[in-house]
Amino acid sequence: MQHEKYEELIQYYFYNEIDEADKKLLEQHLISCPQCKTHFELFKKIFNSINENENNEFEDKLLFEARAELRGYLKAQKNKTSIIKVLTQAFSSFMVKPIGIAFGGAVVLLAGLFTGYLIFNEPAVNYSKEGLNFADYSKIQNINFLDADPDDGEIEFTYESVKPGRIKGNINDSRVREILTYAILNEKNPGTRLNSINVINASSQHKNDDELKNALISVAKYDNNPGVRREAIKSFNELSVDKEIKDALIYVLLNDTSAGIRIEAINSLMETSKKGIKLDESDLTTLKDKIQLDQNNYVRYQLRNIIKEY
Amino acid sequence: MHLTENELILKAQRGDDLAFEALIYRYDKMVLRLALKYTANPDDAKDIYQEVFIRVYKNLSGFQFKSEFSTWLFKITTNMCITYKRKQNRFNQITIDADDEASPVSQISGSEDLTPEVITEKAEFEVKINKALESLSPNQKMSFLLKHYEGYKIKEIAEIMNCKEGTIKKYLFDAVRKLQLKLVGSF
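If you're matching them up, the sequences are chains L and Z in order.
Everything in the first sequence is counted per my numbering, starting at 1 for the first residue and increasing by one.
Everything in the second sequence is counted per my numbering, starting at 1001 for the first residue and increasing by one.
Listed below in C-alpha cells is the structure:
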C-alpha cells in the first residue's frame, strides 16, 4: 500500500472511524516506516491542538442578538402573511358575485386615479399611524421624539423606514410599544434608546410584556452606553420581577465595568428581593466571591449589606 | 410538559410559534457556532443564522420526517454557509485585540484557571487556525468543521452535505494536508 493510503488511514485512526483490520495494518506499518511515523506525529499534534484549543463557546450576547433579530423578522412575516390571507379570502368570496365584478371595475378606475395622485403628489411624510405598515416596523430607524412626555398619555415621534413617517399615539397602544421596544434594542443613538426606555416605562400595560423584558435584559447586560444600561436596570423595578431579571442583575453585577452600574444592580437586587424573588444559595456564594474580587469599596460594602439580609 | 422533537415539529407545522421557537432553540446555538466558525465574523454568522431559520420557517411544512430534523437543519446551514457571500463593506480581518468582543482573546478570557500566557497562546493558535481554514475550499472547510468541531461521523457529514462518503473523505484528506502545510511551523 502506498504512503498516501496510510496518510488517509492515520486520519481515520484519529477520527476513530477505522476498522480493526486497517488499524492493525497501520500500526504495523508505522513501526517500519519513518515517513508515515512522522506524518502520524504531525497529525497527532494538529488534532490535539485543535481539540485543546477548541473554543466553541461564544458570548451569549451573540446568540441573544441573533434570536432577537430572528424573532422580529418572523413576527413581521407572520403579520404580513395573516393580513394578506384575510384580505385574499374576503376578496375572492366577494368577487365571484355580479356586484363584485362591478366593484372590480370601479376599483380599477380608482386605482388609476390614486396612482396618478401618488405620482404627482407624493407626500414626504406620512402623518398618520394608520398609514404605517406595522409589520415592517423592524425596518424603522432614526426615531426622533417630537413629544416624549407621556404625562397626557400620548407621545409623538418621527421615524425613517421605507418611507419616512410620523406617529402620534397612546403610550398604551401595543404597537407603539413594540416600535419602542425595537428602538430600545436597535436605535443607534443612545439618547433615543434612553428616551424609548423612559417613555415605555410610563405605559401602564407593560409590566408583563415579555418582549420588553427581554429587550431590557439585553440592554442592561450589553448596551455599550452606561447611561442606557443604568436606565434599563432601573426599569426592572417597573416590571413584574422574576428569576430571569434576578439572573440578569447578577450578571451585570459580575461583569459590568462601571462601578455605578454595579451599584445600581445591587440596589435593584434588593428591590427584587423585597418583591419576593430571593437570592438562592448559589447566588449568595457568587456574591461572596464577588466581594473578594471587586475593586470598588462601595460595591463591596453594598454586597456585604445584601448578604447580611439573608 | 416536555414534548418530543417530532411532537414539536408537528405543532410547529400547524403554525404553533411557541413550538417553533422551542424546536429551533434546541439547535440554534450549534447553527450559530458553525456559522461563526465558518465565517470567523459574528455579523456574518448572525446573517447566516437568520437566513437558515427563515428558510426552516418557510419550509417546515414540507418536512416529511424522511431524515432527522437536525440533519435537515444542518443541510440548510451548510448550504447557507457555502453559498454565503460576505458583505463587501465588512473587514475580513482577525484581530487579537483584547478590547474587541469578537476577538479570540476575549472569547477565551472567560475561561477560568487560565494564565494570561496560556490565553495568549491559545488565542494565537486560534488566529492561525482561522487563517489556515481560510485557505480551504468551501466544501473542504465545511467538512473539516463538521468533523473536527461538531464531531459528526463521515457518513453523517455525507448526508448533511448531500455527497458520497468518498467525496467527504477526499475533502477531509485534502483539508488536513493543506492545514498541515500552513500549521507545520506552529509546533
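For glycine and all other residues, C-beta sits at the position ideal for the given N, C-alpha and C.
Checking the sheet assignment: what are the DSSP bridge partners for residue i?
i, result
"Z/Asn1139", "Bridge partners of Z/Asn1139: none, in fact."
"Z/Glu1068", "Looking at the DSSP assignment, Z/Glu1068 forms no beta bridge with any residue, so it has no partner."
"L/Glu154", "L/Asn170"
Determine, for residue i, whether the minimum Cβ-Cβ distance to residues of chain L falls below 8 Å.
i, result
"Z/Asp1028", "yes"
"Z/Phe1074", "no"
"Z/Ile1157", "no"
"Z/Leu1183", "yes"
"Z/Leu1003", "no"
"Z/Lys1141", "no"
"Z/Ile1009", "no"
"Z/Val1013", "Checking the sequence, you will find Gln at residue 1013 of chain Z rather than Val. It does not; no Cβ of chain L falls within 8 Å."
"Z/Phe1203", "Shown here, chain Z extends from 1001 to 1187; a query on residue 1203 of chain Z therefore has no answer."
"Z/Leu1197", "Given a span of 1001 to 1187 for chain Z in the structure shown, any question on residue 1197 of chain Z remains unanswerable."
"Z/Ile1154", "yes"
"Z/Val1176", "yes"
"Z/Ile1129", "yes"
With DSSP collapsed to three states, give me the class of residue i.
i, result
"L/Leu284", "helix"
"L/Phe236", "helix"
"L/Ile143", "strand"
"Z/Asn1162", "coil"
"Z/Glu1188", "Shown here, chain Z extends from 1001 to 1187; a query on residue 1188 of chain Z therefore has no answer."
"L/Glu187", "coil"
"L/Leu42", "helix"
"Z/Ile1096", "Reliability of the predicted coordinates at Z/Ile1096 is poor, the pLDDT of 34 falling under 50, and no value is obtained from them."
"L/Val241", "coil"
"L/Ile18", "coil"
"L/Ala248", "helix"
"L/Glu8", "helix"
"L/Lys207", "coil"
"Z/Ala1040", "coil"
"L/Glu309", "coil"
"Z/Leu1145", "helix"
"Z/Gly1110", "Note on Z/Gly1110: pLDDT 42, under 50, position unreliable in the model; the coordinate value appears next. It is coil, neither helix nor strand."
"L/Asn225", "coil"
"Z/Phe1063", "coil"
"L/Tyr296", "According to the sequence shown, residue 296 of chain L is Asn rather than Tyr. Residue state, collapsed to three classes: coil."
"Z/His1002", "coil"
"L/Gly72", "helix"
"L/Ala148", "coil"
"L/Gln35", "helix"
"Z/Gly1151", "coil"
Tell me, to the nearest whole angstrom, how far the beta carbon of residue i is from that of residue j; I am working on the premise that it is less than 8 Å.
i, j, result
"L/Gly169", "L/Ile155", "7 Å"
"L/Leu249", "L/Lys290", "Contact doesn't hold; Cβ gap of about 12 Å is too wide."
"Z/Tyr1027", "Z/Ser1070", "6 Å"
"L/Asn237", "L/Glu271", "5 Å"
So is residue i in contact with chain Z if we call contact Cβ pairs under 8 Å?
i, result
"L/Tyr73", "yes"
"L/Gln302", "no"
"L/Leu70", "yes"
"L/Leu62", "yes"
"L/Ala66", "yes"
"L/Ser258", "no"
"L/Ser282", "no"
"L/Ser49", "yes"
"L/Glu211", "no"
"L/Glu231", "no"
Report task. Could you name the residues of the segment 15-41 of chain L whose beta carbon sits closer than 7 Å to any beta carbon of chain Z, in the order they occur along the chain? Result -> Tyr15, Glu17
Requested in this report: Could you run through the segment 1036-1065 of chain Z and flag, in chain order, every residue whose CB is less than 8 Å away from some CB of chain L?
Outcome: Leu1036, Lys1037, Pro1042, Ala1045, Lys1046, Tyr1049, Gln1050, Phe1053, Ile1054, Tyr1057
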